[in-house]
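Number of protein chains: 2
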Amino acid sequence: MAKSIKKEDSSIEQLILDTKDLEILQLLQKNARITVKEISDQMHLSTTPIHERIKRMEASGVIKQYATLLDHTKVKKGLMVICYVSLKEHNKKAGVKFIETIHSLHEVIECYNISGEFDFMLKVVAEDMNAYYDFHVNKLSQIENMGHVQSVFVIGIIKQTHQLVFPVSEK
Amino acid sequence: MAKSIKKEDSSIEQLILDTKDLEILQLLQKNARITVKEISDQMHLSTTPIHERIKRMEASGVIKQYATLLDHTKVKKGLMVICYVSLKEHNKKAGVKFIETIHSLHEVIECYNISGEFDFMLKVVAEDMNAYYDFHVNKLSQIENMGHVQSVFVIGIIKQTHQLVFPVSEK
DNA sequence: AAAAGAGCAGAATATTATTCTAGTATTGTA
DNA sequence: TACAATACTAGAATAATATTCTGCTCTTTT
């Protein structure tokens, strides 16, 4: 007998998030260590539905990770550089090899395949300019099949958040 | 009587992180909801020092935030665009006004002041191309003093992490 | 109208965070 | 070398929280 496509099939079906789920996510995004009780108090619900909804969103993958974010300047990662990279050849094998290497470089915290004249955009963090120079010369430029590389330096951080805001479509 | 510049002055002085602190940070970065007990077991220490070290790093600002990260595609924020912006005028007043506006736009999750021909780089998330079009035309382009805008679309995410890796200087 | 499913409240239990007490190194100093 | 101050640690006690369980209510479907 087929089950209805509803929330309990969270591991298979696309989870449909209602207003309460989104409200919970707003609070969790701000503080991953907020207690179920605090959420339930703010939302005027008991702890049971909050707990169930969170577990459901964890299981469905809506909640990807509870992460701890550090102050880069206080852990000697104060320099941020945006790197543009183009490859010489664009066959599958060359691409896979490049991706593997990127994953092994801890200085690269983000890498995107992008539109435009370059193939990839990298966000790189390092302790200082010397460390970045070492990364650029000895690691990035050494990757086989590497074409052009262009570095754009981050002078200041204006805004930096992971909070996704959802339109308030109240019932 | 002057106190020594040591760890207990965490709120004022620069906190010096030792190997154990960095080891704790590695675990916390991966999972903000890891228990003190789990950390203490992995590090072969009791819960007390782990707890104290964490509180110290929270107070000193090394730990900036416990954040919950969401799957963008599952919360209708699947499109990511990198926006380059240059302003017409570069006086203080114009810059401040621009920054204020950027902070009010929830689609902009990152904004950096950068070197090169553009003034700012923005990371923008939206539900789809229609939503991005609306953002571009009705919000971004409407900012006063706006000069050139160039959009680079993210085709694929190769790597995305917040895990900062620290060199293993054992001792 | 009956039945099933979903969401919820409240209580009970299991875990965990937090605090407290006191022992053990380590470092600097006379 | 001996002493004192400091930091670190283990283990226990307490407070707070997560998690589970039971049963009620509302809605939807047939």
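Chains as they are written, first to last, in the numbering used here: chain Y, 388 to 558; chain C, 388 to 558. Idealized CB from N, CA, C, for every residue including glycine. Please read all numbers here as calculations on a predicted model, not as lab measurements.
Proximal residues of chain Y, C-beta to C-beta of residue i below 9 Å
| i | result |
| --- | --- |
| N500/C | V541, I542, G543, I544, I545 |
| G534/C | Neighbours of G534/C on chain Y: none; closest Cβ ~16 Å, over 9 Å. |
Below-8 Å beta-carbon distance, residue i vs any chain Y residue
| i | result |
| --- | --- |
| F507/C | yes |
| L415/C | yes |
| H438/C | no |
| L432/C | no |
| E395/C | Residue placement at E395/C cannot be trusted, given a pLDDT of 35 that sits under 50; the coordinates are not used to answer. |
Per-residue contacts from residue i into chain Y (C-beta, under 7 Å)
| i | result |
| --- | --- |
| N418/C | Y453 |
Residue-chain proximity (residue i, chain C), Cβ-Cβ < 8 Å
| i | result |
| --- | --- |
| I450/Y | yes |
| V511/Y | no |
| I426/Y | no |
| I363/Y | Nothing about residue 363/Y can be reported from this structure: the residues present for chain Y run from 388 to 558 only. |
| I403/Y | no |
Residue closest to residue i, alpha-carbon to alpha-carbon, out of the options
| i | options | result |
| --- | --- | --- |
| G534/Y | I486/Y, V495/Y, V472/Y | V472/Y |
| G465/C | V423/C, K510/C, K480/C, E425/C | K510/C |
| Q537/Y | I450/Y, R420/Y, F505/Y, L402/Y | F505/Y |
| V541/Y | T455/Y, D405/Y, L415/Y, C470/Y | C470/Y |
| T548/C | A454/C, A518/C, H523/C | A454/C |
| L457/Y | H459/C, L456/C, Q452/C, D428/C | Q452/C |
| V483/C | Q416/C, E531/C, L432/C, V539/C | E531/C |
| V539/C | H523/Y, D515/Y, F507/Y, S502/Y | S502/Y |
| R443/C | K461/C, L409/C, N418/C | L409/C |
| K546/Y | I489/C, I545/C, D515/C, K526/C | I489/C |
| H431/Y | F553/Y, V468/Y, K407/Y, I486/Y | K407/Y |
| S528/C | D515/C, F485/C, D405/C | F485/C |
| R440/C | K417/C, L404/C, P554/C, H477/C | L404/C |
| F553/C | H459/Y, K417/Y, E445/Y, D428/Y | H459/Y |
| M508/Y | K417/Y, F522/Y, V468/Y, Q429/Y | V468/Y |
8 Å Cβ cut-off: residues of chain C touching residue i
| i | result |
| --- | --- |
| V552/Y | H493 |
Interface residues of chain C facing residue i [CB-CB closer than 7 Å]
| i | result |
| --- | --- |
| T548/Y | I496 |
| L527/Y | Near L527/Y there are no residues of chain C at all, since even the closest Cβ is about 14 Å away, more than 7 Å. |
Under 8 Å between C-beta atoms of residue i and residue j
| i | j | result |
| --- | --- | --- |
| G543/C | Y520/Y | no |
| E494/C | A513/C | yes |
| T434/Y | V449/Y | no |
| S447/Y | L402/Y | yes |
| I437/C | I421/C | no |
| V462/C | L551/Y | yes |
| L492/C | A481/C | no |
| A419/Y | A419/C | yes |
Near the ligand ADP: residue i beta-carbon under 7 Å from a heavy atom
| i | result |
| --- | --- |
| H459/C | Absent from the structure shown: the ligand ADP. Ligands present: none. |
Under 9 Å by beta carbon: chain C residues contacting residue i
| i | result |
| --- | --- |
| H490/Y | I545, K546 |
- Message: Closer than 9 Å between beta carbons: that is the criterion. Which residues of the stretch 453 to 477 of chain C meet it against chain Y?
- Response: Y453, A454, T455, L456, L457, D458, H459, K461, V462, K463, K464, M467, I469
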